[in-house]
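Down below is the structure, laid out as structure tokens.
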Amino acid sequence: MMSNNWSRDQITDVLVRLEQLAESRLQQLREHRLVSDGGADGLTQAIAETFDFKEPQSTAVLIESVLGLLEAHDLDSTHPRYFGLFNPAALPIGAVADALVAMLNPQVGTRGHAPAAVALEDHALAFFAARIGYDVSRSDAHFTSGGQEANTTAVAVALNHVFPNVAVEGVRALSGQPTLYVSDAAHHSFQKAAKLLGLGVTAVREVASGADGAMSVEALAEAVMRDRNAGALPFLVVGTAGSTGTGSIDQLAQIADVAEREELWFHTDAAWGGGALMSDRLRQLFAGIERADSVTWDAHKWLSVPMGAGMVFFRERADTANVFSVTTGYVPTVGDQGGEPYLRTLQWSRRFIGLKVLMALAQLGLSGYQRMVEHQVEMGDLLRDKLLQSGWQVRKDSALPVVCFEREGVDTEAVVAALHARGQVWVSSIIYPHGASAIRACITSYDVRTADLDALVAELALATDNL
Ligand SMILES: *Cc1c(COP(=O)(O)O)cnc(C)c1O
Numbered sequence: 005m006m007s008n009n010w011s012r013d014q015i016t017d018v019l020v021r022l023e024q025l026a027e028s029r030l031q032q033l034r035e036h037r038l039v040s041d042g043g044a045d046g047l048t049q050a051i052a053e054t055f056d057f058k059e060p061q062s063t064a065v066l067i068e069s070v071l072g073l074l075e076a077h078d079l080d081s082t083h084p085r086y087f088g089l090f091n092p093a094a095l096p097i098g099a100v101a102d103a104l105v106a107m108l109n110p111q112v113g114t115r116g117h118a119p120a121a122v123a124l125e126d127h128a129l130a131f132f133a134a135r136i137g138y139d140v141s142r143s144d145a146h147f148t149s150g151g152q153e154a155n156t157t158a159v160a161v162a163l164n165h166v167f168p169n170v171a172v173e174g175v176r177a178l179s180g181q182p183t184l185y186v187s188d189a190a191h192h193s194f195q196k197a198a199k200l201l202g203l204g205v206t207a208v209r210e211v212a213s214g215a216d217g218a219m220s221v222e223a224l225a226e227a228v229m230r231d232r233n234a235g236a237l238p239f240l241v242v243g244t245a246g247s248t249g250t251g252s253i254d255q256l257a258q259i260a261d262v263a264e265r266e267e268l269w270f271h272t273d274a275a276w277g278g279g280a281l282m283s284d285r286l287r288q289l290f291a292g293i294e295r296a297d298s299v300t301w302d303a304h305k306w307l308s309v310p311m312g313a314g315m316v317f318f319r320e321r322a323d324t325a326n327v328f329s330v331t332t333g334y335v336p337t338v339g340d341q342g343g344e345p346y347l348r349t350l351q352w353s354r355r356f357i358g359l360k361v362l363m364a365l366a367q368l369g370l371s372g373y374q375r376m377v378e379h380q381v382e383m384g385d386l387l388r389d390k391l392l393q394s395g396w397q398v399r400k401d402s403a404l405p406v407v408c409f410e411r412e413g414v415d416t417e418a419v420v421a422a423l424h425a426r427g428q429v430w431v432s433s434i435i436y437p438h439g440a441s442a443i444r445a446c447i448t449s450y451d452v453r454t455a456d457l458d459a460l461v462a463e464l465a466l467a468t469d470n471l
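So for the sequence shown, the numbering used here puts the first residue at 5; every next one is plus one.
Structure below.
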């Protein structure tokens with residue numbers, strides 16, 4: 005019989021193996037292939053052969069099996085030459101925190117069970133709320149699984165704030181279609197939210213963005229007026245601070261003006277871009293974010309903690325309770341019920357998500373984070389220079405480190421496919437709302453160096469020469 009309790013020897017074996025893994029990842033990361041040879045081929049069979057679940061397996065064997073499968077088949081998005089979607093290299097302190105969380109497994113749904121864990125989360129969140137520019141004596145925040153949950157929460161809270169009876173009677177009791185406004189460069193989590201909340205995707209109005217990728221504020225105001233005249237019920241406008249495709253930033257202060265005038269809830273989606281708020285210089289790009297009623301900011305994107313660690317902020321406390329409060333006979337009552345996480349958030353049993361965020365923040369400090377994001381912005385600018393020098397047309401979409409580029413007569417998709425096939429660097433492509441496409445390279449690792457940019461430019465040259 006295998007015991008579920010570990011012996012000292014087993015613990016030592018596991019820790020030694022994890023130390024080797026950490027060591028090899030830190031020392032030889034650039035020598036590892038970024039794109040695995042395996043891809044999805046043969047995966048189902050390999051997994052079936054590795055895990056038939058008939059007899060117990062030792063922890064050591066399990067670790068090797070899992071590492072073997074992931075290394076053979078998965079893309080290593082923590083690699084410094086992964087210039088991909090917003091999947092950062094994870095700070096090692098995040099892995100330490102996640103292991104502690106799993107071992108202690110506090111129930112962060114209620115303060116009665118985990119007053120320290122909940123208070124630690126609140127302490128970290130208050131720091132980020134202050135970076136947004138909120139008055140933390142009035143604001144509210146909680147950790148989420150990610151940006152999707154954060155944005156869905158914000159849409160639900162906005163809907164219930166503007167139409168207080170929705171929580172009781174549902175949207176069917178409203179006199180018209182509630183509508184929300186996002187730019188055509190916004191993340192598609194708002195479409196999902198609209199479907200989930202019973203609004204339907206037709207409630208989402210995609211306002212055209214201009215040449216700089218920012219939502220046209222005139223088009224926004226016109227759309228709101230047109231919808232009102234047609235009997236719809238506009239309730240929410242979303243500003244994107246760092247779009248997923250190109251890193252474009254909406255004019256938040258101007259959107260805040262429209263929201264104020266039209267009595268709309270103003271949400272800012274800074275899921276990735278939020279990282280810029282850690283720099284006194286870069287946060288100027290987001291002027292007006294402090295006027296947002298709510299903000300989404302993912303720690304598992306630019307703050308480089310392991311997934312999933314989203315955050316949602318509210319300028320005023322109390323709004324979340326309209327959506328999430330319930331009365332139970334089975335959860336012990338403690339003190340201020342309004343402060344209970346399970347009554348203020350979608351999740352009930354909740355992982356202690358905030359520990360990895362708090363520990364990363366404490367280890368780096370604000371100054372460390374500031375250096376980290378500014379380094380990545382500098383690397384983005386350097387990449388733009390290098391691409392220009394080697395004949396690429398670089399689009400001016402963003403001051404953030406998302407770099408979109410193209411070259412006349414060069415097939416974007418063919419270049420991207422050639423790079424992926426060689427497996428030395430990873431980039432994606434982007435199709436703009438007006439149909440043009442470009443190659444997209446985002447600085448996602450805090451450890452990117454000039455040599456990595458040179459490797460990318462060299463790989464691009466090789467790919468275009470061979471087309
Ligand atoms: C990534 C992203 C999201 C979704 O966040 P997840 O953490 O992936 O759920 C939402 N908005 C923007 C702008 C994003 O970049």
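Here a beta-carbon is modelled for each residue, glycine too, at the ideal position from N, C-alpha and C.
Below 7 Å, is the gap between the Cβ of residue i and the nearest heavy atom of ligand 1?
i	result
H304	yes
A197	no
Are the CB atoms of residue i and residue j nearer to each other than 8 Å?
i	j	result
S308	L95	yes
A187	N155	In the sequence on display, residue 187 carries Ser and not Ala. Cβ atoms of S187 and N155: not closer than 8 Å.
V112	Y185	no
S213	S252	yes
F90	C446	yes
S247	A189	yes
L423	E382	no
G202	G314	no
R388	A442	no
M363	A101	yes
F131	G358	no
R354	F328	no
R142	R265	no
V211	M219	yes
R21	I67	yes
L460	V414	no
I293	I136	yes
L482	V228	The chain is shown only over 5 to 471; residue 482 falls outside these bounds and no answer can be derived.
P437	A99	no
T114	Y346	yes
F356	V105	yes
Hey, would you say the C-beta of residue i is under 7 Å away from at least one heavy atom of ligand 2?
i	result
H438	Although ligand 2 was asked about, the structure shown includes only ligand 1 as ligands.
Of the choices the options, whose alpha-carbon is the least far from that of residue i?
i	options	result
S432	R12, E68, Q24 and G88	G88
A472	W430, E226, G278 and A418	In the structure displayed, the chain extends from 5 to 471; residue 472 sits before or after that span and is not available.
A275	A257, T244, D284 and L286	T244
N169	Q393, S449, I357 and N326	N326
I259	R295, N233 and L237	R295
D41	D456, H438, R444 and R426	R426
W10	V39, D385, L33 and T63	T63
L268	V166, L289, E68 and T16	V166
G402	L22, A160, V159 and A215	The sequence shown places Ser at residue 402, rather than the Gly named in the question. It is A215 whose Cα lies nearest to the Cα of S402.
G343	Q32, G372, G249 and A145	A145
D451	G369, F57 and L33	L33
A366	V140, E53, Y436 and I97	I97
T324	A160, N109 and L19	A160
V65	Q14, D273 and G312	Q14
Q351	E153, E417 and G372	E153
How close, in whole Å, do the beta carbons of residue i and residue j come, if the pair is a contact with beta carbons under 8 Å?
i	j	result
A128	V420	So it is not a contact: roughly 38 Å between Cβ atoms.
H77	L38	No, H77 and L38 are not in contact; Cβ-Cβ is about 13 Å, not under 8 Å.
T183	L237	7 Å
T157	V316	5 Å
A303	F290	No, A303 and F290 are not in contact; Cβ-Cβ is about 17 Å, not under 8 Å.
G395	R375	Actually they do not touch by this definition, with Cβ atoms about 32 Å apart.
L404	G384	7 Å
L163	F239	6 Å
V262	A225	5 Å
Examine chain D for any beta-carbon lying closer than 8 Å to the beta-carbon of residue i, and answer yes or no.
i	result
T454	Among the protein chains of the structure shown there is no chain D, as only one such chain exists.
Task: Closer than 5 Å: residues whose CB approaches a heavy atom of ligand 1 - done: G150, G151, Q152, H191, S193, T248, D273, A275, W276 and D302
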